[in-house]
Amino acid sequence: MNEMDETLQIFFQETEDLLKAAEEALLRLEGDPKTGPHVEELFRSIHTLKSGSAMVGFTTTSEYAHALENLLERVRGGTLPISKPLVSYLLEDVDFLRQMVENGAEGRPEAEPGVIKNKKAQVNRFLGMDAIPGAEPEEERPRPAQEPKPPAAAPVAAPGPEKTREPEPLRAEPEKDDSRFFEITLRFKNDLFLSGQDPILLLLALSEMAELVDVAPDLSRLPRYDELDPFSMYLSWRIVAKTQATLEEIGDIFLFVKDDNPIEIEEVSRRFKDGVDVEVGEQPIGEVLVSRGAVSREDLGGALREQKKIGQILVESGKVEEAVLDEVVSQQNESRVTYRKTSLRVDVEKIEHLMNLAEEIGIGLSRTRNVLERMEMALDHELSIELENLHKVNREFQERVAQVRMFPLEGTFRRFQRIARDTAFEQGKRIRVLLSGVDTELDKEVIEHITDPLKHLVRNCVDHGIEPPAERESAGKNPEGVIGFRAFQKGGMILVQIRDDGRGVDYDKVLRRALEKGVLKQGETVGPENVLDILCTPGFSTAQEVTALSGRGVGMDVVRTEVEKLGGAMALTTEKGKGSTFTLSLPLTFALTEVLHVLAHGRSFLVPLWGVAGTEEYNPGRVRFFGGTGRVALFRDEYVPLVSLGSLFGLDAEGGGQGTVLVFIDTARQRFGLLVDEVQDPHQVVVKSLETNFRGVPGISGATLMGDGSISLVIDLFSVEEMFFRPVGGRHNA
Amino acid sequence: MEKFILVIDDSPTIRSSVTFCLQKAGYSVIQAKDGENALEALIRLKKKGSMPALILTDINMPNMDGITLIQRIKATEFRFLPILVLTTEGERAMIEKGRQSGASGWIIKPFNPEELLGAIKKFVYMK
């Protein structure tokens, strides 16, 4: 349980205690209607609840408790008599508060805006009914309207010993949901003062109408002290304001300046969650500082070149004050935390548990069907429809749970974008980054696993792929290189591509180097399509100089291993002088796999459906034989190698397995055919990886429980493919 | 320090209604009936080492009109004073002329007290 949850639990408990105490006090007051300890107890309970609920973010509850507190203040002061209607009204309020907290606890709005509005109006009526104007104590009078409200007047007071409080004037508490965020950019002309304007007044007016969440002055136009003209305006501001006012009302403040001075007001509510700029968390610190006008872009560039902590460099070189940096860093952190807060964090284990249960329901359903069939009871039509429906619902349920684990790739791509840019920057290269398919979703766990390998690829592309601007120009290319990230779904796989328009992989150079490094033996050679295999051999690197970022040739093999561990594959297409594209095929999710159920040699196997390109009756007339056992079959105008699934796993001795059906596989890298005895319905399974002692069985990725209680093995297509097409220099498809 | 506003209008009705409105909001008011009269008032104030917080002027007035007044003020050390125009004149060309002369804002009569005070508040700081 994390700290927030713990605080919440404590709050719920405390709320229950407080409301009970309040209830008790009210019931006693009903019998004994006079001020004294019962009123004090009641007041204290509501007051503490107000602070507590504000603390844990139950704003509506807090605001309502605040309104009640004002009412009770008068009861306590003796200006509002304790009557039966008042007591029963307050008892109702206790229930209402309880309901609000309960709603909030269940993730619903504490109260509907309409309801809370009515309730507040009721409190106000109660106050108005019994409080005759002028009869109220002196200090109760509202403060003069001109006095600016202090920004962020949070109704939070630490619960503690009661001191004499100055009662706050009762005013309609603003609804939290009405708040909007505006980003206001004020760029004043130098002669601003000549038009009688005073920017301080504008800022003050704004602060009266809105809470200024962030105020960042732009000092870049400020000249040296001896060149400063006191009658000129040098400052500009960027302000984020939280307010209930409309864009027009905010604009009205700048009514008399906006014609002559560039004033931009933009609603940015979408960007803000709980009052925190979630974009700040996503941006590199340097960018945030530049956008705040705290440093110039040139200063940032200089800092990046030094490759130290950017913030530290800027502070050291006096480009930004430490306080400013700290402020922005803490805002970044806050933003990140808030962003996380708005999404529910659930232990993956819990989701997996749900998946397992759904799977068991599915098995139960299949068994029920089997039992009914065995009883030779002709499956009643209605019953069979019901069973089918249950299957359907369960399948959807499984899919929904799997979706919980899916996240868009956007965040990951943005990070890569930055890495690419930083890498280019440090090498004096110029690049443009193109993103596409950022909405493509992948299993969270898959994303986490591929992030590091992909980072490596990104650096590689910039480092080895993109040429320095001069070299590009002399090759007749745009001096600005392009790095492209693309993600899209194909079949049951997600393809992630990283592309550069750089120099491409030099095949001859790779071969030479492979010989030098002993990766290839003298006289051995491979086709250009197997270049990736060489690049992925441990210890191989073609870089002339090893850079700090893209490593020392330990990368590519690690990248490939990681991707394959996930049940994915990596491919490379490259053309000398034109660039390279790395394509990673990744499973949508770990959790659910669509499989084709096949039988071979009397055993059942599951073939991941994403790789199935088609099935066909086995026709020896359309198959060509060569060598001893080699055979190829024509599939979509291409001869692909065939293998019997049973013999692949050494089942030939067990008899059977004549092979009647061909299942054609396309892994996006290779195509081949699997010969099986029977093909059954496709279905969805939760693949459980085999226990440790079975791990590493070539060709098998896991196992799953079938409807009849038997266990079926799931084929690992990439591993099977490897049994066909590797090692390097071995057989490959023509 | 007392904030006062120099109100310039040839109509006594307007002068007194504006004055009433401003005084109610806590400002002091000095009145002038035209541009010439206003400049004299400014010179008197300067001798006393004082100056208004804001100038509120009409446009169409005998002797010296509002635009001329603004231009004249902008040529003196009072040039940083905010000048609001309160007039029945609402033509774009005229407003643009006022803006170019140095008027800070333009309010069209008949005025609504809130609007007037709101505009003044943008230029005069009142505690």
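Sequence lines, in order, name chains A and B. Quick note: the first sequence uses our numbering, first residue 1403, plus one each step. Quick note: the second sequence uses our numbering, first residue 4, plus one each step. Note that CB positions come from ideal geometry on N, CA and C, so glycine has one too. All values reported here derive from a predicted model rather than from experimental measurement.
Three or more Cβ pairs drawn from the segment 1844-1851 of chain A and the segment 1799-1815 of chain A lie within less than 8 Å of each other, which places the two stretches in contact. With respect to the C-alpha of Pro2043 (chain A), the residue from A:Val2122, A:Ala1423, A:Gly1969 and A:Leu2115 having the closest C-alpha is A:Val2122.
Taking 7 Å as the cut-off between beta carbons, none of the residues of the segment 1891-1910 of chain A comes near chain B. Every unbroken stretch of the alpha helix (DSSP H) spanning 4 or more residues and falling wholly within the segment 1615-1677 of chain A is given here in chain order: 1649-1655. In chain order, Ile70 place their CB closer than 8 Å to the CB of Lys100 (chain B), counting only its own chain and leaving out the 5 sequence neighbours on each side. Using a Cβ-Cβ cut-off of 8 Å, Phe1809 (chain A) does not count as an interface residue toward chain B, since no Cβ of chain B sits closer than that to its own. Lys1892 (chain A) is bridged by DSSP to A:Met1895. Excluding sequence positions up to five before and after Ile1484 (chain A), its CB lies within less than 8 Å of the CB of Leu1431, Pro1435, Lys1436, Thr1437, Val1441 and Val1477, all in the same chain and listed in chain order. Below 8 Å, too few C-beta pairs join the segment 2022-2039 of chain A and the segment 2001-2011 of chain A to call them touching: fewer than three. Under a 10 Å Cβ-count criterion, His1755 (chain A) is classified as exposed, with fewer than 16 other Cβ atoms of the shown protein chains found around its own Cβ.
Annotation for Asp1701 (chain A): Leu1716 and Lys1721 place their beta carbon closer than 7 Å to its own, counting only its chain and skipping 5 residues before and after. Residues of the segment 1629-1656 of chain A with a C-beta atom less than 9 Å from some C-beta of chain B are Phe1633, Asp1654, Ile1655 and Phe1656, listed in chain order. Annotation: the continuous beta strand (DSSP E) that includes Pro2043 (chain A) extends over Glu2040 to Ser2046. Around Phe7 (chain B), no beta-carbon contact reaches into chain A at under 8 Å, the shortest distance being about 15 Å.
By the 16-neighbour rule on beta-carbons within 10 angstroms, Glu1784 (chain A) is exposed. From the listed residues B:Pro113, B:Gln34, B:Phe23 and B:Glu118, the smallest Cα separation to Leu9 (chain B) is found for B:Gln34. Of the candidates A:Ala1507, A:Leu1588 and A:Ile1412, the residue whose Cα lies closest to the Cα of Leu1605 (chain A) is A:Leu1588.
Secondary-structure assignment with DSSP links Trp109 (chain B) through a beta bridge to B:Val88. Take Ala28 (chain B), set aside five residues on each side of it, and the residues of its chain with a beta-carbon closer than 6 Å to its own are Leu120, in chain order. Contact of Asp1616 (chain A) with chain B is not assigned, every C-beta pair being separated by 8 Å or more. In the three-state DSSP reduction, Gln1819 (chain A) falls in the helix class (H, G or I). Taking C-beta separations shorter than 6 Å and ignoring five residues to either side along the sequence, the partners of Ser1987 (chain A) in its chain run Met1895, Leu1897, Gly1970, Ala1971 and Ala2070, following chain order.
For the pair Ser107 (chain B) and Gly1509 (chain A), the CB atoms are not nearer than the 8 Å cut-off.
Within the DSSP secondary-structure output, Val32 (chain B) pairs in a beta bridge with B:Ile8. Distance from the Cα of Asn1735 (chain A) is smallest, within the candidate group A:Val1690, A:Glu1718 and A:Gly1766, for A:Val1690.
With a cutoff of 8 Å on beta-carbon distance, Val1864 (chain A) and Ala1889 (chain A) are scored as not near each other.
Here Lys1422 (chain A) is not near Tyr1466 (chain A), since their CB atoms are 8 Å or more apart. Proximity of chain B to Ala1612 (chain A) at the Cβ level (cut-off 8 Å) is not reached, the minimal Cβ distance being about 15 Å.
Against chain B, a Cβ distance below 7 Å from Ser1597 (chain A) picks out Gly105 and Ser107. Distance check between His1793 (chain A) and each of A:Phe1815, A:Phe1818 and A:Ile1765 places A:Ile1765 closest, using alpha-carbon atoms only. Here DSSP, grouped into helix, strand and coil, assigns Ser1768 (chain A) to helix.
Nearest in C-alpha terms to Tyr128 (chain B), of all of A:His1851, A:Ala1607, A:Phe1583 and A:Glu1471, is A:Ala1607. Taking a Cβ-Cβ threshold of 7 Å, the residues of chain B close to Phe1658 (chain A) are Ser107, Gly108 and Lys125, in chain order.
The Cβ neighbour count for Asn1880 (chain A), taken over all protein chains shown within 10 Å, is under 16; the residue is labelled exposed. The alpha carbon of Val1960 (chain A) has as its nearest neighbour, out of A:Ser1982, A:Thr1983, A:Leu2047 and A:Asp1935, the alpha carbon of A:Asp1935.
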